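In order, the protein sequences belong to chains A and B. The numbering of the first sequence is the numbering used here, which starts it at 1 and goes up by one. The numbering of the second sequence is the numbering used here, which starts it at 1 and goes up by one. Each residue gets a CB set at the ideal place from its N, CA and C atoms; glycine is no exception. The model shown is predicted, which means the values in this text are computed figures rather than measured ones. Report on the following structure.
Number of protein chains: 2
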Amino acid sequence: MDNGPDAIGIFDSGIGGLTVLRRIVERLPGESTVYLGDTARVPYGTKSPDTVRRYAMACARVLLGRGIKMLVVACNTASAHAVEYLQDALDVPVVGVVEPGARAAASCTVSGRIGVIGTRGTVASGVYERAIAAIRPDTRVWSRACPLLVPLAEEGWVRGPVPEQVVAAYLSELLEHEIDTLVLGCTHYPLLSDIIRAAVGPSVQIVDSAEATAAVVEEVLVAAGIASSGGNAQRTYLVSDAPESFAKTGREFLNHGIDDVEWVDF
Amino acid sequence: MDNGPDAIGIFDSGIGGLTVLRRIVERLPGESTVYLGDTARVPYGTKSPDTVRRYAMACARVLLGRGIKMLVVACNTASAHAVEYLQDALDVPVVGVVEPGARAAASCTVSGRIGVIGTRGTVASGVYERAIAAIRPDTRVWSRACPLLVPLAEEGWVRGPVPEQVVAAYLSELLEHEIDTLVLGCTHYPLLSDIIRAAVGPSVQIVDSAEATAAVVEEVLVAAGIASSGGNAQRTYLVSDAPESFAKTGREFLNHGIDDVEWVDF
Numbered sequence: 001m002d003n004g005p006d007a008i009g010i011f012d013s014g015i016g017g018l019t020v021l022r023r024i025v026e027r028l029p030g031e032s033t034v035y036l037g038d039t040a041r042v043p044y045g046t047k048s049p050d051t052v053r054r055y056a057m058a059c060a061r062v063l064l065g066r067g068i069k070m071l072v073v074a075c076n077t078a079s080a081h082a083v084e085y086l087q088d089a090l091d092v093p094v095v096g097v098v099e100p101g102a103r104a105a106a107s108c109t110v111s112g113r114i115g116v117i118g119t120r121g122t123v124a125s126g127v128y129e130r131a132i133a134a135i136r137p138d139t140r141v142w143s144r145a146c147p148l149l150v151p152l153a154e155e156g157w158v159r160g161p162v163p164e165q166v167v168a169a170y171l172s173e174l175l176e177h178e179i180d181t182l183v184l185g186c187t188h189y190p191l192l193s194d195i196i197r198a199a200v201g202p203s204v205q206i207v208d209s210a211e212a213t214a215a216v217v218e219e220v221l222v223a224a225g226i227a228s229s230g231g232n233a234q235r236t237y238l239v240s241d242a243p244e245s246f247a248k249t250g251r252e253f254l255n256h257g258i259d260d261v262e263w264v265d266f
Numbered sequence: 001m002d003n004g005p006d007a008i009g010i011f012d013s014g015i016g017g018l019t020v021l022r023r024i025v026e027r028l029p030g031e032s033t034v035y036l037g038d039t040a041r042v043p044y045g046t047k048s049p050d051t052v053r054r055y056a057m058a059c060a061r062v063l064l065g066r067g068i069k070m071l072v073v074a075c076n077t078a079s080a081h082a083v084e085y086l087q088d089a090l091d092v093p094v095v096g097v098v099e100p101g102a103r104a105a106a107s108c109t110v111s112g113r114i115g116v117i118g119t120r121g122t123v124a125s126g127v128y129e130r131a132i133a134a135i136r137p138d139t140r141v142w143s144r145a146c147p148l149l150v151p152l153a154e155e156g157w158v159r160g161p162v163p164e165q166v167v168a169a170y171l172s173e174l175l176e177h178e179i180d181t182l183v184l185g186c187t188h189y190p191l192l193s194d195i196i197r198a199a200v201g202p203s204v205q206i207v208d209s210a211e212a213t214a215a216v217v218e219e220v221l222v223a224a225g226i227a228s229s230g231g232n233a234q235r236t237y238l239v240s241d242a243p244e245s246f247a248k249t250g251r252e253f254l255n256h257g258i259d260d261v262e263w264v265d266f
């Protein structure tokens, strides 16, 4: 199935990037999309930068083979390690999730005190600190790795005392720093946004990188003159392993069913 | 570095199998060991049986290249899907962790009511149910996937209210079935054995597959006449990604430091 050179290609190490796809589809319903979840190699967060770059390039090649006009790296770890590398190597525009999230945080904060939560890989990379400092050097950023939030989201364990306590434990240190902005630096975390919002209280703004990324995707399409003129938008889903379980869990992330998931070997 | 044809080869998708290595070394201190953590592809639990078999064979080949005399599949998912396949294909004895754990559970239980906890992949495979039923058809087995326990163990978050509540939530249903034996069907779980023991109370026996597996390894070595006559036991550690982080987290699992971790590409 070829979506023609008119589709937006989106990849993630697994299922989390569907929260980014969801925001892109909400904002740009006329654009066709090809989503690739590299479920055979999930998660990227525990892997080395070199390995992540190799996997990201493999994902990009699969999507380019489907004739995409733009590439969205809907994975924080791959955004941290591979966006510049892909931008240099590929002929289509490449957008990651880190830069848009960092930009949104830099505009949201009043006190200049920003918290970031993400996987161990994303936090260890320091990518949000660097990206935010490049935009607004007058800010301070505190980060916290939250390895339990991905399995909580994938379990659908998104309310009740257990996720509340886990979230409270992870956020307590950040809140002591009196942050006024919190970046959800992992594409799984929007599923837990209700309890994260409750934990941080009304004085902290939450930045959802997925939303910020969808806005940047629109900007880039328009600026490059390659936005779709409308028509019959198609949704294609590719995975490198276990299509059934992707379709099942994906429903939670996308807020609607996924009809057809294609297995690709690469 | 070649450990000669006298080493025991042990592999896992990552770090969890070190709990098995630990028990093997405690029981058989004179045996050299080569441990391989397939950290580039961790975790196996979310992957399809075919993919797991392919990865398991790749791990076995790396270890055979080091001249091992026996192979231990120290990963429940790979034991579920690949042990028979490896036994058919390889010339050295192959031992998984499921069969020894199932055997120990079948001998422990008095009431015949057994609980099993493991990753989603292990539980979905039904491998413990089948293995226990094959030994003692008069038993009943209830299983529960506990996806949060691996990240808890890897975080070192092994005591306090959060892991206690997570463990209690996972075990409540099993305890309603009045089990008298609980199998830790994931090599990470021995790190949480204190709070698991507290949660189930004194009337439930806990079966640690790692311990049971080490006992079977000894039986097989002796039966095949290939037990080491003693001497200078060597410890070799191989990983497919991120050797530093393996060495760091591995200390918790092994209860002593790891000097040297070698990266292998396969």
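For V110 (chain A), which residues of its own chain have a beta-carbon under 6 Å away from its beta-carbon, when the five flanking residues on both sides are left out? For this step, residue 110 (chain A) is matched to residue 110 along the first sequence. Excluding residues within five positions, the ones whose Cβ falls inside 6 Å are D180.
Between V162 (chain A) and chain D, is any beta-carbon pair separated by less than 7 Å? Structure shown: chain D not included; protein chains present are A and B.
Option in B:P29, B:R53 and B:R23 with minimal Cα separation from G230 (chain B): Within the second sequence, the letter at position 230 stands for residue 230 (chain B). Nearest C-alpha to G230 (chain B): B:P29.
Can you find at least 3 beta carbon pairs, one from the region 246 to 258 of chain A and one from the region 10 to 30 of chain A, that sit closer than 8 Å? yes
Whole-Å CB distance - G37 (chain B) paired with F246 (chain B), under 8 Å assumed: The residue given as residue 37 (chain B) occupies position 37 in the second sequence. The residue given as residue 246 (chain B) occupies position 246 in the second sequence. Confirmed, about 6 Å.
Given a cut-off of 7 Å on the beta-carbon distance, is the pair A242 (chain B) and S143 (chain A) in contact? Against the second sequence, residue 242 (chain B) aligns to sequence position 242. Against the first sequence, residue 143 (chain A) aligns to sequence position 143. Against a cut-off of 7 Å, the Cβ pair of S143 (chain A) and A242 (chain B) comes out as no contact.
Are the CB atoms of V83 (chain B) and F266 (chain B) nearer to each other than 7 Å? To locate residue 83 (chain B), count along the second sequence from 1; it is residue 83. To locate residue 266 (chain B), count along the second sequence from 1; it is residue 266. Contact flag unset, no.
Would you say T100 (chain A) and T213 (chain A) are within 7 Å of each other, going by their C-beta atoms? Along the first sequence, read from residue 1 onward, the residue named residue 100 (chain A) stands at position 100. Along the first sequence, read from residue 1 onward, the residue named residue 213 (chain A) stands at position 213. For the sequence presented, residue 100 (chain A) should be read as Pro rather than Thr. Their beta carbons are under 7 Å apart, which means P100 (chain A) touches T213 (chain A) by this criterion.
Let me check understanding here. Comparing Cα to Cα, which of B:S209, B:R53, B:S13 and B:A145 lies closest to T39 (chain B)? On the second sequence, position 39 is the one that residue 39 (chain B) refers to. Considering only alpha carbons, the answer is B:S13.
Listed by chain order, chain B residues near D241 (chain A) by CB distance under 7 Å: For the purposes of this step, residue 241 (chain A) is taken as residue 241 along the first sequence, with counting starting at 1. In chain order: K47, S48 and T51.
Quick one: grab the DSSP three-state call for R269 (chain A). Residue 269 (chain A) lies beyond the residue range present for chain A, which begins at 1 and ends at 266; the question has no answer from this structure.
Please tell me whether E155 (chain A) has its Cβ less than 7 Å away from any Cβ of chain B. Residue 155 (chain A) sits at position 155 when you count from the first residue of the first sequence. Yes, contact with chain B.
Name the two residues that bound the continuous alpha helix (DSSP H) containing K248 (chain A). For the purposes of this step, residue 248 (chain A) is taken as residue 248 along the first sequence, with counting starting at 1. Element bounds for K248 (chain A): P243 to L254.
In chain B, which residues lie less than 9 Å from L148 (chain A) when you measure between Cβ atoms? Along the first sequence, one-based indexing puts residue 148 (chain A) at 148. L148, P151, L152, E155, W157, V162 and V166, listed in chain order.
Suppose you measure from the CA of V216 (chain A) to the CA of L184 (chain A); what does that come to, to the nearest Å? Walking along the first sequence from the start, residue 216 (chain A) turns up at place 216. Walking along the first sequence from the start, residue 184 (chain A) turns up at place 184. For V216 (chain A) and L184 (chain A), the distance between alpha carbons rounds to 17 Å.
Quick one: complete alpha helix (DSSP H) runs, 4+ long, within the region 115 to 144 of chain B? 120 to 125 and 127 to 135
For V264 (chain A), I'd like the list of residues in its chain whose CB is within less than 8 Å of its CB, leaving aside the five on either flank, ordered along the chain. As a first step, residue 264 (chain A) must be located in the first sequence, where it is residue number 264. Hits under 8 Å: L36, V62, L238, V239 and S240.
Sequence ranges, alpha helix (DSSP H) only - wholly within the region 169 to 248 of chain A, length at least 4: 193 to 200 and 209 to 223
Straight-line Cα distance separating E211 (chain B) from E219 (chain B): Counted from its first residue, the second sequence places residue 219 (chain B) at position 219. Counted from its first residue, the second sequence places residue 211 (chain B) at position 211. Using only the alpha carbons, I get a separation of about 13 Å.
Does the region 162 to 181 of chain B come close enough to the region 164 to 180 of chain A that 3 or more CB-CB pairs lie under 8 Å? yes
Considering Cα atoms alone, identify which of A:S228, A:V222 and A:I206 is closest to R113 (chain A). Taking the first residue of the first sequence as 1, we reach residue 113 (chain A) at position 113. R113 (chain A) has its Cα closest to that of A:I206, out of A:S228, A:V222 and A:I206.
Helix, strand or coil for A153 (chain A)? Go by DSSP, reduced to three states. Within the first sequence, the letter at position 153 stands for residue 153 (chain A). DSSP places A153 (chain A) in helix when its eight states are reduced to three.
Against chain B, does A40 (chain A) count as a neighbour if the rule is that its beta carbon must be under 7 Å from one of theirs? Translated into the one-based positions of the first sequence, residue 40 (chain A) becomes position 40. Cβ-Cβ to chain B under 7 Å: yes for A40 (chain A).
For L148 (chain B), which residues from the same chain have a beta carbon less than 8 Å from its beta carbon, with the 5 sequence-adjacent residues on both sides left out? The sequence position of residue 148 (chain B) within the second sequence is 148, counting from 1. Only V166 and Y170 meet the Cβ criterion.
What is the rounded straight-line gap between the Cα of L192 (chain B) and the Cα of V95 (chain B)? The sequence position of residue 192 (chain B) within the second sequence is 192, counting from 1. The sequence position of residue 95 (chain B) within the second sequence is 95, counting from 1. Distance between the alpha carbons of L192 (chain B) and V95 (chain B): 24 Å.
What is the DSSP secondary structure of E31 (chain B), counted as helix, strand or coil? As a working note, residue 31 (chain B) is residue 31 in the second sequence. Coil.
6 Å Cβ shell around M226 (chain B) - same chain, five flanking residues per side excluded: Walking along the second sequence from the start, residue 226 (chain B) turns up at place 226. Just to set this straight, residue 226 (chain B) is Ile in the shown sequence, not Met. Result list for I226 (chain B): K69, in chain order.
Environment of D260 (chain A) [buried if 16+ CB atoms lie within 10 Å]: Residue mapping note: residue 260 (chain A) aligns to position 260 of the first sequence, counting from 1. That one is exposed.
Is I15 (chain A) near T249 (chain A), with beta carbons less than 7 Å apart? Taking the first residue of the first sequence as 1, we reach residue 15 (chain A) at position 15. Taking the first residue of the first sequence as 1, we reach residue 249 (chain A) at position 249. Yes, the Cβ-Cβ distance between I15 (chain A) and T249 (chain A) is below 7 Å.
Alpha carbon to alpha carbon, how far is Y128 (chain A) from V98 (chain A)? By 1-based counting over the first sequence, the position of residue 128 (chain A) is 128. By 1-based counting over the first sequence, the position of residue 98 (chain A) is 98. Distance between the alpha carbons of Y128 (chain A) and V98 (chain A): 7 Å.
Test: A199 (chain B) CB closer than 7 Å to a CB of chain A: Numbered from its first residue, the second sequence carries residue 199 (chain B) at position 199. Closer than 7 Å: no.
Please list, in chain order, the chain B residues whose beta carbon lies closer than 8 Å to that of A169 (chain A). Along the first sequence, one-based indexing puts residue 169 (chain A) at 169. Those within 8 Å of A169 (chain A) in chain B are V162.
Put L272 (chain A) into one of helix, strand or coil per three-state DSSP. The displayed coordinates of chain A run from 1 to 266. Any statement about residue 272 (chain A) would go beyond what the structure contains.
When the Cα of H81 (chain A) is compared with those of A:C59, A:S107, A:E176 and A:D50, which residue comes out closest? The residue given as residue 81 (chain A) occupies position 81 in the first sequence. Cα-wise, what sits closest to H81 (chain A) is A:D50.
May I have the straight-line CA-CA distance separating D2 (chain B) from T236 (chain B), to the nearest angstrom? Start at 1 with the first residue of the second sequence, and residue 2 (chain B) comes out as number 2. Start at 1 with the first residue of the second sequence, and residue 236 (chain B) comes out as number 236. Per-residue confidence for D2 (chain B) stands at a pLDDT of 41, beneath the threshold of 50, marking its modelled position as unreliable; the derived number appears in the next sentence. Near 9 Å, if we compare the C-alpha coordinates of T236 (chain B) and D2 (chain B).
Since N76 (chain B) and C146 (chain B) should fall inside the 8 Å C-beta cutoff, what is the C-beta to C-beta distance between them, to a whole number of angstroms? In the second sequence, the residue the question calls residue 76 (chain B) occupies position 76. In the second sequence, the residue the question calls residue 146 (chain B) occupies position 146. The pair is not a contact, with the Cβ atoms about 12 Å apart (cut-off 8 Å).
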